[in-house]
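Participant:
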Amino acid sequence: MSPDLTVVIIAVALPFVAAGLTPLLFRLFGERTGYVGAAVAFACFGLLASQYGSDGTVALSWIPSLEIALRFTVDAWALLFALLASGIGVLVFAYSPVYMHGESGLARYYAALLAFMGSIIGVALAADLIALFLFWELTSVCSFVLIGFHTADRSSQYAARMAMFVTVGGGLFLLVGLLLLALVAGNVLDGSAFDLAAILAEPEAVQAGLRERNLFVPTLALIAVGAGAKSAQIPLHFWLPNAMAAPTPVSAFLHSATMVKVGVYLIGRLRPLLTSTEWLFLFATVGLATMTVCAALAVASRDIKELLAYSTASHLGLMVAGFGFTSVVGAEAGVFHLFNHALFKAALFLVAGIVAHEAGTRRLDELGGLRRDLPVTAAVTAIAGLSMAGIPPFSGFYSKELLFEATVEAAYGLGTLGWIYPAVATIGSVFTVLYSLRFLALFFGRRPDGLGRVHRPPILLLAPPALLAALTAVVSVYPDLAVRAIVQSAVDVTVTDPHSMHVGLPRAYSPAVEMSAIAIGLGAVSYFSFGRIHGGIRSIPVAVPPIGANWWYDVAVDGLTETGSRLASTVHNGLLRTYATWTLATTCVLTISGFVATRAVVGATVGIEASPEIGLVLLVAVVAGVAVVLSPSHVAGILTLSILGFMIAIFYILASAPDLALTQLVVETLILLVFLLILEEIPEYYEVGLGKVARDAVLSIGIGVTAFLTVIVTTSARSEGTSDVARYYTERAVPEGGGTNIVNVVLVDFRSFDTLGELVVVAIAAISVITLLVMRSGGDAE
Amino acid sequence: MIREAIVIALVLVGSFFLTVGTIGLLRLPNVYNRMHATSKPTTLGTAAIFLAGFVSFGPGSEGLTSLIGIVFLFMTVPTGAHMIARSAQRIGVPFLEGVTWPAESSQARRTDETGEETDE
Amino acid sequence: MSDPTMGAPVLLEMTVAGALILVSGLCVLCSYRVIRGPTVPDRVVALDTIATNVVAIAVLFALLTGRGLFVTVSLVLAIIGFIATVSVAKFVTEGEVIE
Amino acid sequence: MNVRTWPVASLVFAALWVFIRGVELAPAALVGQFLFGLVVGLPVAFVFRRLYVKRIDLQQGVYAAPYAGRYAATFVAELIRANFDVAYRVLAPDPRIEPEVILIPLRVRSDIAVTIIANSITITPGTVTLDHDPETNALYVHVIDGRDLESVVEPIRTWETYALEMFTEKRSPDDPAPEIIVDGGTGNE
Amino acid sequence: MTTVIMRTTARAVVPIILVVALSLFVEGHNLPGGGFIAGVLTTTAFALLYIAFGLDFLERGVLGRDIEPGKTPSRDRVVIAYRRVFSFGLAISVASGLVPLLFDLPFLSQTYVEFENVPLYGHLELASALAFDFGVYCVVVGGLLTILSVVGAE
Amino acid sequence: MTAVVLAAVVGSLFALGTFLLLRRDLIRVVWGLAIIGQAANVYLLAMGEIAPASFEAVPILAGHGEEASHAQTADPLVQALVLTAIVISFGMTAFALVLSYRVYEEHDTLDLSELGDQD
Amino acid sequence: MDGLVITPMLVVLVAAVGTLLFRRQPRVRLAVSLSGAVGYAVAVAALAWYVVIAPAAPGIATYQVGDWPAPFGITLVADGLSVFMLSMVATIGPASLVFSARYLPKYDRRTFYYPLSHFLLLGVTGAFLAGDLFNLFVWFEVMLMASYVFVAYYGGPQHTRAAFWYVALNLVASAVFLLAVGGIYATTGTLNMADIAQRLADPAAAGIDPAPVVGLLALLLSVFAIKAGLVPFQFWIPTAYRAAPPPITALLAGASKKVGIYAIIRLSFTVFAGAQVPVSLPWVSGSSPLAFVGPILFVMAAGSILVGGLGAVGRDSVEGVLAYSSIGQVGFIAIPVAIAATTSSPTLRRVGILAALVYALNHTIAKGLLFLAAGTIESATGTTDLDELGGLAGRSPALSSAVFVGTLALVGIPPLSGFFGKLLVFDTAVRAGAASVLALLLVGSLLTIAYTSRAWNRGFWGVRTPAVEDAAVDPIQVAILVGLAAAILAVGVEFESVYRFADAAATAALDTESYVEAVDPQAVNGGEQP
Ligand code: NA
Ligand code: NA
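Written out as C-alpha cells, the structure reads:
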C-alpha cells in the first residue's frame, strides 16, 4: 500500500501550523493550550496510524532545479518513530498544563513543543537528504528554545547554548556527510542526488560508488559525528545532562524519548547503505563506550534528572552499539530498545517531574521512601525502573539481551580482541542495574528526615506516566505483541537480509544469559557499596578535570571568547599605521606577483628619451615630496605640498593639457586654503621620536616599487599612437559634440555620466562638511 | 621677421629678469631683501613674456589677454609682496643689522619674539 | 593669431624652448627656498615666485605651440598665484585666513 | 557729471571681457563681444556695487587722465631703472645692501590712491611697502639701500602729487609733504 | 584685519576674476575652461573677498544686509544660500539629462544648434551641454563656498 | 615621455605618500593621501601618451572647420579622466581635512597613536 | 525597454536631489525620500522582470548614456548578475530608508541624512550597472563619499576616529584604483568593460600585449577587497560599522560590501577570465588570470572567516558582534568564488558563483535585519552593549522573534535563506573535493554558532536590565524587522525562484560572449556609426 501524500503532509505540517498559531491559541485558551497541543499530537498520531502498513515514498515538489523535494517515506521504521513521537507527544502535552501552571512564556513553550513535534515527524518520514536535514536542524533549534525556557536562568542559557553548539554544530558535519553522499549518489544513480529513497534502493551501488571515490570513510565519519552529537554519544555526550535545565516535560519528550533518538534513528535508517566493517568498529565502539561511561556517570549523579539524563545517554549508546553490530540481532536490539526506552524513560522523566513538583527537590540525597506518599507513582516507577535496569521479565531486558547476543556474535566473528565488546557491555549493564536501583530507592529506600510533606500528584500529572508504565508492562508481558505490531517490520527496514525476530525469556543457557546474570548479580551486590562507588566516580573528574563532562566545552568556549577578544584587539589595534601597513603590503605582494606571474616585468622595455623640461618639473615635484616628508612644521609642509601641486600643473601644461593645468591649479589653491583654514584651529605637532622609520621606509619603498613596476609594465605594453577611443573623440568633437575643446566635449557630452558622478561627489563633499560640523554635538544628543 | 625678433628679444629679457629674481631669492640675506628681488624683476620678467605674447598673438585676440595679464600682475604682485612683508614683520622676522624701525606709532604691534622661527 | 600651418620659425622656437627649460629650472631653484625657508615668509615669497614662473611658463608654452589659449591659462594662473600668496601671508600674520 | 558707479563699472567689465576673450580686432567682433560683455558685466557690477563708492564724477576722470599718463610715464621709467638696479645688486659679486625701514606719511587719503602709491613703491627701485598704518595714514617702506633716502622718496612724492590731482582728495598738491621718519629711537632690533 | 592696500586690490581684482571665470565658462566648450574651472575660479573670487574683508563682509558689504551690533551675523543664511546654489545646480544638471528622455533619447544626450548669419556674430553655436555645464558651475560654486564658509567660520 | 623617468616619479611619489600615511601626525597622513592621489593622476595622464609640445598636440581644435590630425593630438580621454579624478580627489581631500580637524577636536590630539583602542 | 536599465539610478538620483531641494519642508522631503525608496524597488523589480524573469527575457540589456555607441560613450549593462545584486539592494535599501524615517527624527532636521542615503544608493546602483571601468570608479567614489560622513555622523571620538581610518584606507584604494584603470587603458586601449574583454580574448587581433593585466587585476582585487572587507583589508570595518547609524550600517553591510564582491566577480570572471595570459608562479599556474585570483581569494577568505568569526565571539556589543560577523561572512562568500576561479570545470565554476550570490543575498537580508535591529535596540534602550542588555526576548517578543530568525539565517538553519547559502557553499567545496576548505567552512560555521548564541544569550535572554525594562520599542521599526524576517523565510520557501534567478546571475557572470555581444563595442576603427 502506498502512503497518502495529503495525509503525510498534513501529519507533518499540522504541528507547524499549530505552532504558528500558538500566539493566537494562547490568547484564546491560556494555559489550556496544552490540551490543544495534545489534540494536535493525537491528530498526528491518528493520521500516521492511518498509514500503518503502507510502504512507499511520496513527494511534494520544492526546488526542482536542485532536485530537492519534500519526499516522505512511510515504512515501519519511520512509522515506529513518528508514532512514538506523536504518541508520547500527546502525553507530554496533556501533562504540561498542570506541570507548567503559572509559568510565564507558555506561548513560546507550546509553539516550540509543537514545532518540535512536527520536526520529529518530519525527520522520521523524510526521504530527501535536504528535507531530512531541514527537520533535523529544526529539532535542534526547538531544543535550544526549550532548554532555554527559563531565559533568566544562567544554567538554562548555558545549557541551551551548549546544546545548540553541539547539535547544530554536529548537524554541519552531517550536512557535509550528506552532501558527499549526494555527490556520489548523483553520479551513481544518474541524477537523483538528494533522493534518500532512491539511494536506499541501491545501497550496494552507492556504497561502491563511495568507496571508489575514497569517500566512504569520510562520509561515514561525518554522518557519525552528526548522529553522535544529536544522540549524545561520547565524547559529545556532555550536553545532554546539562539540557536537563529544560522543564521536565521537555526532558521527557525531547531529551529522552524523541530528539536524542534522532541520531539513532538515522543510524538505523542508513544502516543498510553504510554497513561494513568500518561501520561496526565505529558504532559498536562508540556505542558501547557511551553505554558504559554514561552508566557510570549516572551512578555518580546527585540529581534525579541528571541520573536519568546520563542513563538516557547510556541507553542511546546501547542502541547505537546495537545498530553498529552488523548482525541482524544487532539491528533488532537497536530497534526494540529504542521502542522500549522511549516508553519507560519518558515515564521515568514524568515521574521525576512529579517528585520534583511534589517534594520540591530533585536532589537524590534529599529524597527516599516516597512509596507511602506516592503509591501509584511508586508502582509506575517500579515497572519503568526495572525495565530500565534490564531485569527480566521487564521489557528492557529483552532488548538488552539482544544486544548481548549481538556482542557475542561479533566477538566470535572478530576473534580474541572482539571479546572486549561483551565485556564492556556487561560492565555497562552492571552500572545500569546500580543506578536503576538507586532510582528505585527514591520510593523504596529510607525516607530522609528532612523531607517534608509530599502531596499526591493531580491525576493529570499521574495519568501520562501511568499509561506509559502500563504500555511497558504490556510489552514486558507480551513482547511479541510489540514485535509483531511494528518492531519486526521496522527491523526489516534497517537490515539488508531480514529474518524473523524472536524475543522472550531465555529458556536455555547462552553467553548472553550469562552476561545478564553477571550484570544483575554484580549490580545487586555492589549496590550495598553504592555510596563508595558513587563517591569514587565523582572524585575522578575532580582529580582529573579533563575527564569532567563540561570541562572541554568550557575550556573551548572560554578559550574562544578569550582568543576572540584578544585577537580582535591585536589585529585591530587602533593604529592606522598597522592597518595601512597590512593593506598596502598585501597590495604590493599581490601586484608584484601578478606581474611576475605573467613575466610582464621581464618583457618590459624601457624608453629613455626625455623631454628636459618635463623631467625637471617632475624632479621638482619629487623633491617637493621629499621636503613635505621632512618638513619641520605644518605650514612649511603645506607650502611645500603646494610646490608639488604647482609642478604637476606645469607638467600638465607641458603635456598639452590646459584644462588639466587650470583645474589642478585652482584645486591646489583651494586645498591650500582649506588646509590653512584647518591649521588655524589646530596646534603644531611634532612627531615624537623616529620610531619605526626603517619599517615604514621598507613598506614605502615596496609601494614605490609596485607603482614603478606598474608604470614600466604598462607603458611598455602600451601600443603606439592614440587609442581608437581617443581618435573617435577627436574626430567627432566638432561635428557631433559641437565644441572644439575635445576634453570639454568629452566631459559634458561623450562621458557626461562620469561628470555627473563627479558633481555628485562635490555636492556630497559639501554636505558632508556641513554635516561633520553640525553634528558635532550629535553624539551626545543620542 | 621683425615681430619674431621682438618676440625673441622680449622672451630673452623676460627670462633674464626671471633669472635675476630667482637668484636674488637665493642670494639675498633675508626675506625683506629677497622680496626686492622677487617683486620687481619677476614682475617685469613675466610682463616681458606677456608682452612677447602680445606681440606674437596681437594686437587683437590673445594679445589683448596678454595685456590684461600684465595689468593684473602689476596690480597683484606688489600687493602680494606687501602682504608677505607685513606678515614677516608681524611675526618678528628680524631685519638686518643696523636697520631701525621708524617708531611713529603702533610700536606695540612689533611682536616681542625675535630670532627666526622655531621651525629650523 | 599666428598661422598654425607655418609653425614657429626655428630661432624663435629654440629661444622659447630654451626659455621654457630655463624657467623650469628656476622653479627648481625657487623650491630650494620654499623647502629651506628659513622663515615662513621666505617660503611664501619663494612660492609666490614659483607661481609667477608658472605664469611665465604658460605664456612661453603658448609661444612654443602657437596656442594663444595658454595666455588665458596664464591669466588664471596669475589669479591663483595671487590668492595663494595672500591667503598664506594672511594666515602667517593673523593666524587665520578668514576672520 | 556725477553718475552711479555700477553702470560705469559694467562698461569697464565689458571692456575687460573683450580683452579677456581675446577678440580679433574687427569692429563687428569687438562690438559683439562688448555687448556680450555687458550682458555679463551688468549683473556682476550690480551684485558687487557695494564694493565701490556709490557715485563717481566723470569729469574728474577726464581731468585726471593727463596726470595718470604722467604718473604712468614716471612709473615705467622707475620700473625699468628698478629692475636694472636689482639685477645689479643681485648679480654683483658683493651685493651692496644697506637696508633701512622708513615711515612715509602720506598726503593722499583715498583707498585707491594709497594703494596705487604703495604698490608703485614696491615695484620701483629699492623699496618695498611693508605696511600701512591706518591711524597716521603712513606707509612703512623697506629700503634696500638706505644711504640716500631723499632720492628714494623723491619719485614717491611725485606720484603722490599726481595722485592728488587724479583722485578726489582733500589735500592739494601744493600742501607740503610731511617728513619721513627713519629712526624711532628704538635702535637696532 | 588686512590693510587698505589689500582691500583695495581685492576690490579691483574680484570683478576681473569673475569676468575671467564667466568667460571661461562661456567658452569652455571651445577653449580651456568649462563649468568646473569657472566655478572654482568664482569661488576663489569669493575667497578673496573673505580673506580681505572677513566672513561677514559678504552679507554686509555685498548683499547690503545690516547686522545688529553685538550679534553674530547669521552666517547660516549665507550657507543656506550656497546650499541652494549647489542643490539647484545638481537639479539643473540632472534635469538637463532628463530632458532628452522626453524626445526618446538616452539620458544625458546632448545636441547643439548652429545659427548662421547672426548680425554682429555671424556664426553662433549653442550646445545643450551648456545647461549641464551650468549645473556643474552651480554645484562647484555652491559646494565649495559652503565648505569655505563653514570651515572658515570655525 | 620616457618610461623610466615617469615610473621613477610615480614610484617615488607613491613611496613618499605611503611614508607620510604611516606617520602619527594626522595632518601628515592627509598630505600622504594628497600626494598619492596626485601621483595616480600623473600616471593616468601619462597612460595616454604624452605628445611632444606642438600646435596639434593640444586637444583643442583650432576652429570649427578644422580637420583634426589625431596622430599628434594628445589623448583627450585621459585628460578628461584625470580632470574627473582631480575633482573627485579634491572633494575627498577637503572632506578628509575637515574630518581630521574633527578628529582633533574630539580627541584633543593630532597623534594618531593616541586615538585609543578599537571597538 | 532598454531604458529600464538606467531607471533605478534616475529614480534614486531624482530622490536625492529632491530631498536636497526640499530640506525645509520635512514632510515633502520625507515623502520624496519614501517614494524614492519605493520607486527604486519598483524600478529594480521592473528591470529584473524585463531582463531575467519575464518569458523570453533577453537576459541582458544595455544602455548607452548620451546616445554614444560603445566603447565611446558610457555603457550601462544590466545582466543577470547586475540585476541580482540590484535586487538585493532593492530589498535592504528601501527597508533602511523607511526604517530611518522612524529612527531619525531627532537628527534629520539639521543634517543631510536623506540626500546622503540616496546618494549612497546611487553609488551602489551605478557600480552594479557600470559597463565602463572608469565609470565604475566614479560610482565607487560616489558610494564612498556618501558613506564617509555617515561613519562620523554622531560626531563622537569613536565616530570621527573610525571615519578617519575608513577615509584614509579608501583614499589610498581610490588612487590604486586609478592606477589600475590607467594601466588597463594603456594595455588595452579602452575602458569599456566589454571591449576590454573582447580585446583580451583576442589580443593579436586588437594588437595589444595582455601581459600586465594580471598584475593590474591584483591591484583591482586589493581595491575591491577593501570594499568587501576581506582580510587583510578589513581593518576599517569593526569601528566603521559600529560608528555609522544602524540603518546606514545595514546599507554598508548589505549593499556597499556587495559592491566589492560584485566587482571581483564581474572583473575577474566576465572581463578578465578570457584573457590569454599564461600565469605561472611557484604555487600557481594556469592559462588565465583566474588561476591567479583563486588562491589569493582563498587565503583572504580563510583569513576573513577566522578573524571575523573569532573576533565576533569576543565582542561585547551587538554591533561589534555584527561587524565582525560581516568580516567572517564575506569570507564564506569569497570561498566559492575562489573555488570557481580555481576550477577548470564550467559547471563547478557556475555553481561556485551561484553559491556566492545566494550566500551574499542571505547576508544582505539577514545582516541588514540584524543591524536594523541593533538600531531598534539602541533607540529603545539607549545602548547596544551586551552587558547592559538582557531579557529582551520577554520585553519584545516580536523584535526578538525577528532577530531570532535573522540569527538562525546567519547560522544557516533551514528552511531560511541562510541555509541555502551554506548548502551551496558547502556543496561547492564538496564538489571541488577540497577537504581543507571544508574544514575551514566547518570551523567558520562553528564560530558562527558560538558568537550568535553568545550574543543571543546575553542580550535577549537573561535577567531584564533597567535599560530593557524601560525600553520603548518602536512598533513600525519592529514591523520592518518582521518584514525582513518574513523575507528570509520566503527566500527559503520559494527558493526555486531565487535559485533560478541566482543561476541566471551566475551564468551571466561567466558568459563573456553574451556580455560582449550585448554591449557590442564598435570595431577597432572607431569611425563607423552603427
Ligand atoms: Na629705521
Ligand atoms: Na552602526
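Note that the protein sequences, when read in sequence, are chains A, B, C, D, E, F and G. Residues 1 to 782 in the working numbering are what the first sequence spells out, letter by letter. Residues 1001 to 1120 in the working numbering are what the second sequence spells out, letter by letter. Residues 2001 to 2099 in the working numbering are what the third sequence spells out, letter by letter. Residues 3001 to 3189 in the working numbering are what the fourth sequence spells out, letter by letter. Residues 4001 to 4154 in the working numbering are what the fifth sequence spells out, letter by letter. Residues 5001 to 5119 in the working numbering are what the sixth sequence spells out, letter by letter. Residues 6001 to 6530 in the working numbering are what the seventh sequence spells out, letter by letter. C-beta: ideal position from N, C-alpha, C; glycine also.
Who are the near neighbours of D/R3107 in its chain, counting only those whose CB is closer than 7 Å to its CB and skipping five residues on each side?
Facilitator: For the purposes of this step, residue 3107 of chain D is identified with residue 107 of the fourth sequence, where counting begins at 1. Same-chain partners within the cutoff: E3160, L3164, R3171, D3175 and A3177.
Participant: Since F/V5098 meets chain E, which of its residues come closer than 7 Å, beta carbon to beta carbon?
Facilitator: For this step, residue 5098 of chain F is matched to residue 98 along the sixth sequence. Correct list: V4151.
Participant: Which residues does DSSP pair with G/A6078 in a beta bridge?
Facilitator: Residue numbering aside, residue 6078 of chain G sits at position 78 when the seventh sequence is read from its first letter. Note: G/A6078 sits in a beta bridge opposite G/A6061.
Participant: Using a C-beta to C-beta distance shorter than 9 Å, which residues of chain C count as neighbours of E/G4054?
Facilitator: The sequence position of residue 4054 of chain E within the fifth sequence is 54, counting from 1. Per Cβ cutoff of 9 Å: I2098 and E2099.
Participant: In terms of residue numbering, what span does the alpha helix (DSSP H) encompassing G/G6406 cover?
Facilitator: The residue given as residue 6406 of chain G occupies position 406 in the seventh sequence. Segment P6397 to V6411, the alpha helix (DSSP H) holding G/G6406.
Participant: Measure from the alpha carbon of A/N214 to the alpha carbon of each residue in G/A6435, G/W6461, G/A6518 and G/N6457, then state which is nearest.
Facilitator: In the first sequence, counting from the first residue as 1, residue 214 of chain A sits at position 214. If we check each option's Cα against that of A/N214, G/A6435 comes out closest.
Participant: If you draw a straight line from the C-alpha of G/F6269 to the C-alpha of G/T6512, how long is it?
Facilitator: As a working note, residue 6269 of chain G is residue 269 in the seventh sequence. As a working note, residue 6512 of chain G is residue 512 in the seventh sequence. Distance between the alpha carbons of G/F6269 and G/T6512: 8 Å.
Participant: In this structure, what does DSSP give as the bridge partners for A/L60?
Facilitator: For the purposes of this step, residue 60 of chain A is taken as the residue at position 60 of the first sequence. Answer by DSSP bridge pairing, in chain order: A/L70.
Participant: Which residues does DSSP pair with A/Y553 in a beta bridge?
Facilitator: As a first step, residue 553 of chain A must be located in the first sequence, where it is residue number 553. Answer is none; A/Y553 lacks a bridge partner.
Participant: What number of angstroms, rounded off, separates the C-alpha of A/L28 from the C-alpha of G/G6406?
Facilitator: On the first sequence, position 28 is the one that residue 28 of chain A refers to. On the seventh sequence, position 406 is the one that residue 6406 of chain G refers to. Those two C-alpha atoms are separated by around 29 Å.
Participant: Anything in the region 2035-2062 of chain C with a Cβ closer than 7 Å to a Cβ of chain F? List those residues in chain order, please.
Facilitator: Against chain F - using a Cβ distance shorter than 7 Å - the residues of the region 2035-2062 of chain C are F2061.
Participant: What does the alpha-carbon distance come out to for the pair E/P4015 and A/F675?
Facilitator: Along the fifth sequence, read from residue 1 onward, the residue named residue 4015 of chain E stands at position 15. Along the first sequence, read from residue 1 onward, the residue named residue 675 of chain A stands at position 675. When rounded, the distance between both Cα atoms is 26 Å.
Participant: Exposed or buried, what is G/R6454 when buried is set at 16 or more other beta-carbons lying within 10 Å of its beta-carbon?
Facilitator: Within the seventh sequence, the letter at position 454 stands for residue 6454 of chain G. Answer is buried; the Cβ neighbour count reaches 16.
Participant: Give a yes or no on contact between the region 6274-6291 of chain G and the region 6248-6262 of chain G, applying the rule of three or more CB pairs nearer than 8 Å.
Facilitator: Cβ pair count under 8 Å is below three, so no.
Participant: Alpha carbon to alpha carbon, how far is F/I5060 from D/V3018? Give it in angstroms, no decimals.
Facilitator: Looking up residue 3018 of chain D in the fourth sequence gives position 18. Looking up residue 5060 of chain F in the sixth sequence gives position 60. D/V3018 and F/I5060: Cα-Cα distance of roughly 21 Å.
Participant: Which residue's Cα is closest to the Cα of A/E514: A/A423, A/R446, A/W552 and A/F431?
Facilitator: Along the first sequence, read from residue 1 onward, the residue named residue 514 of chain A stands at position 514. Ranking the options by Cα distance to A/E514, first place goes to A/A423.
Participant: For a test of the three-state rule: what should DSSP assign to G/G6368, helix, strand or coil?
Facilitator: Here residue 6368 of chain G refers to the residue found at position 368 of the seventh sequence. Note: G/G6368 maps to helix in three-state DSSP.
Participant: Any beta carbon from chain E within less than 7 Å of D/F3013's own beta carbon?
Facilitator: As a position in the fourth sequence, residue 3013 of chain D is number 13, starting the count at 1. Yes, because at least one Cβ of chain E sits closer than 7 Å to the Cβ of D/F3013.
Participant: How about C/L2077 and C/V2045: do their beta carbons lie closer than 7 Å?
Facilitator: Taking the third sequence and counting its residues from 1, the one referred to as residue 2077 of chain C is at position 77. Taking the third sequence and counting its residues from 1, the one referred to as residue 2045 of chain C is at position 45. Against a cut-off of 7 Å, the Cβ pair of C/V2045 and C/L2077 comes out as no contact.
Participant: Is the Cβ of C/S2087 closer than 7 Å to any Cβ of chain E?
Facilitator: In the third sequence, residue 2087 of chain C corresponds to position 87, counting from 1. Taking Cβ atoms only, chain E reaches closer than 7 Å to C/S2087, which makes this a yes.
Participant: With a threshold of 7 Å between beta-carbons, can E/P4015 be considered close to chain D, or not?
Facilitator: Within the fifth sequence, the letter at position 15 stands for residue 4015 of chain E. Chain D contact via Cβ: present.
Participant: Can you pull the chain E residues whose beta carbon is under 7 Å from the beta carbon of C/A2016, in chain order?
Facilitator: Within the third sequence, residue 2016 of chain C is the residue found at index 16, counting from 1. Going by the sequence as given, residue 2016 of chain C is Val instead of Ala. Chain E residues near C/V2016: none, gap ~20 Å exceeds 7 Å.
Participant: Confirm, please, whether the CB-CB distance from A/T591 to A/T824 is below 7 Å.
Facilitator: Absent from the model: residue 824 of chain A. The displayed extent of chain A is 1 to 782, so no value can be given.
Participant: So B/R1086 contacts chain E; which residues on that side make the cut at Cβ distance below 8 Å?
Facilitator: On the second sequence, residue 1086 of chain B is found 86 positions in, with the first residue counted as 1. By Cβ distance, chain E contributes T4003.
Participant: From the DSSP secondary-structure annotation, give me the bridge partner or partners of D/H3132.
Facilitator: Residue numbering aside, residue 3132 of chain D sits at position 132 when the fourth sequence is read from its first letter. Paired residues: D/L3139.
Participant: I'd like to know whether the C-beta of G/V6167 is nearer than 7 Å to at least one C-beta of chain F.
Facilitator: In the seventh sequence, counting from the first residue as 1, residue 6167 of chain G sits at position 167. So, interface residue.
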